[in-house]
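Encoded as C-alpha cells, the structure appears first; notes follow it.
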Amino acid sequence: MSQYKLIVSNWKMNLNFVEAKKLLQKIIQIKSEKSKVKHIVCPQFLLIPFVSNLIKNDKIEIGAQDCHFKKKGAFTGDNSIELIKKSSCKYVIVGHSERREYHKETNEIIRQKVDIIISERIKPILCIGESLNHRKARKYKQVLKEQLKKCIPEKLSEIIIAYEPIWSIGTGMTPRIEEILEVQYFIKKFLIEFKKIPKIKFLYGGSVNSNNFNQIINNSDIDGALIGGASLKIKEMKKILTFC
Ligand code: PGA
Numbered sequence: 236m237s238q239y240k241l242i243v244s245n246w247k248m249n250l251n252f253v254e255a256k257k258l259l260q261k262i263i264q265i266k267s268e269k270s271k272v273k274h275i276v277c278p279q280f281l282l283i284p285f286v287s288n289l290i291k292n293d294k295i296e297i298g299a300q301d302c303h304f305k306k307k308g309a310f311t312g313d314n315s316i317e318l319i320k321k322s323s324c325k326y327v328i329v330g331h332s333e334r335r336e337y338h339k340e341t342n343e344i345i346r347q348k349v350d351i352i353i354s355e356r357i358k359p360i361l362c363i364g365e366s367l368n369h370r371k372a373r374k375y376k377q378v379l380k381e382q383l384k385k386c387i388p389e390k391l392s393e394i395i396i397a398y399e400p401i402w403s404i405g406t407g408m409t410p411r412i413e414e415i416l417e418v419q420y421f422i423k424k425f426l427i428e429f430k431k432i433p434k435i436k437f438l439y440g441g442s443v444n445s446n447n448f449n450q451i452i453n454n455s456d457i458d459g460a461l462i463g464g465a466s467l468k469i470k471e472m473k474k475i476l477t478f479c
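When the letters of the sequence shown are read in order and numbered with our numbering, they come out as residues 236 to 479.
And the structure:
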C-alpha cells in the first residue's frame with residue numbers, strides 16, 4: 236500500500252484570481268496531523284503562474300490540465316510543454332474525458348501527449364474511463380484495455396492512472412467499491428504484464444466528495460483521488476485532506 240494518498244484537485248475552468256487565492260490560503264492552513272497526503276492542484280492555464288507563486292513555500296504541488304503534443308508550432312490557442320514545465324508544473328492531466336469529448340482527442344493524440352510529457356520529465360496523470368453504455372453492456376474492460384494499450388508507451392518506470400468512469404463525473408454517481416477495486420486490479424495486471432511498467436499509481440475520479448472519500452479511498456489500497464467539483468469547496472477539501 237502507498238505511503239501516502241495522492242489528491243489531485245482538478246479545478247477545470249473554474250475560479251478567478253480572487254477565488255483561487257482565497258481557496259488556496261485556506262488550504263495552506265490545513266495541516267493533517269499524519270500528513271500522509273500529497274496534494275496537487277491543477278488550475279486553468281492563466282492561473283498557473285499566480286498559483287505557483289502562492290504555494291511556493293508550501294508542499295502543495297502544481298499540475299496542468301492539458302498540453303499540446305508538439306514542442307512548438309502553428310497551433311493557435313494551445314500550450315506547450317516547455318512553458319508548462321517552466322511554470323513549475325510537475326504533473327499534467329492528460330486524456331480527460333472532457334478533452335476526449337469536446338476537443339475530439341483520440342487515444343492516438345493522447346499517446347503523443349503522454350510521450351512529450353515524459354520526454355520533459357513531467358509526470359502524466361492519464362485519465363481513462365468507460366461510458367455508461369459500455370458499463371451496462373459489460374464492455375468496460377475492453378474499453379479500458381484499448382485506452383491503456385494505445386495511450387501508454389512500454390517500459391516506463393512509473394505511471395499515474397486516474398480511472399474516471401464518464402458516467403460518474405459530476406453526476407453524484409459512483410461505482411461500488413468492489414467495482415473500482417476490480418478495475419484497479421485489472422489495470423495494474425495489464426500494465427505490469429503487457430507494458431512492463433513496475434510502478435503504477437491508481438487514482439479514482441468521479442463525484443468524489445468528503446462523504447464517499449473515506450470509503451472509496453481512505454479505507455482501501457487505492458492510491459488517491461482526482462477531484463473536480465469538491466476540490467473547489469474549502470469545507471470539502473478540509474475534510475478530505477485531514478482524513479488522510
Ligand atoms: P467530479 O470531476 O469530481 O466533479 O466528478 C472529476 C473529474 O472530472 O476529474
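No residue lacks a Cβ here, since even glycine has one placed at the ideal position from N, Cα and C.
Asked	Found
For the alpha helix (DSSP H) that F252 lies in, which residues bound it at each end?	F252 to Q264
Span of the beta strand (DSSP E) holding L461?	G459 to I462
If contact is defined by three or more beta carbon pairs under 8 Å, each pair taking one atom from either stretch, is the segment 342-361 in contact with the segment 320-330?	yes
Does the contact criterion of 3 or more C-beta pairs under 8 Å hold for the segment 303-322 versus the segment 347-358?	yes
Shorter than 7 Å, the distance from the beta carbon of L461 to the closest heavy atom of ligand 1, or not?	yes
Please tell me whether, using a cut-off of 7 Å, the distance from the CB of A299 to the nearest non-hydrogen atom of ligand 1 is below it.	no
From the DSSP output, read off the bridge partner residues of E393.	K434
Quick check: what's the CA-CA separation for K261 versus F429?	43 Å
Report whether the distance from the Cβ of N245 to the nearest heavy atom of ligand 1 is below 7 Å.	yes
Helix, strand or coil for V358, going by three-state DSSP, please let me know.	The sequence shown places Lys at residue 358, rather than the Val named in the question. In this structure, K358 counts as strand in the three-state DSSP scheme.
Would you say the beta carbon of S442 comes nearer than 7 Å to a heavy atom of ligand 1?	yes
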